[in-house]
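The numbering of the sequence shown is our numbering, which starts it at 670 and goes up by one.
Beta carbons: idealized from backbone N, C-alpha and C, even for Gly.
Computed from a prediction, not measured in an experiment: that's the story for all the values here.
Take a look at the structure below.
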Amino acid sequence: MNIFEWPVRIYYEDTDAGGVVYHANYLRFFERARTEMLRNAGLNQQSFLEQGAGFVVRHMDIDFIKGARLDDLLTVKSWVTNVKKASMVFCQELVNPDGDVLCKTIVKVAYIDNTNMKPIAMPTTLTTELTSSEC
């Protein structure tokens with residue numbers, strides 16, 4: 670399994686009045702890690718946009734297990750599974766330095782034509798760069 674890791678520091682802007690990460694911010698952390706995973710594989714989303722295509726989130730399951738707090742230094746672990754012609758699934762976990770999973774998600778993304786918003790086949794460079802495995 671090819672796991673990509675991306676560091677996340679929790680800032681004041683990420684938290685609610687109680688100093689715990691506001692639930693919607695976890696989605697931002699996961700989105701950034703997916704983008705950086707693609708970039709790390711040499712896949713630039715800007716180039717997809719220039720070709721009139723891009724990714725959209727089709728489905729997401731998320732489990733909030735334990736709250737993250739102000740100033741925590743965490744890691745988002747991301748890997749890809751179930752690569753198909755026009756879609757793939759990202760599995761992601763937000764973990765603390767002890768390896769405890771604070772939040773995890775399974776995200777199905779579709780590759781679409783930005784003009785008509787319909788699925789299209791992903792470029793072969795994309796599918797060959799990302800390793801298929803299990804969540």
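Check	Outcome
Beta carbon of residue 770 nearer than 8 Å to that of residue 756	no
Exposure label - residue 693; buried when at least 16 CB within 10 Å	exposed
Exposed unless 16 or more other CB atoms sit within 10 angstroms - verdict on residue 685	exposed
The region 782-796 / the region 731-738 touching (three or more Cβ pairs under 8 Å)	no
Alpha-carbon to alpha-carbon, residue 782 and residue 742	37 Å
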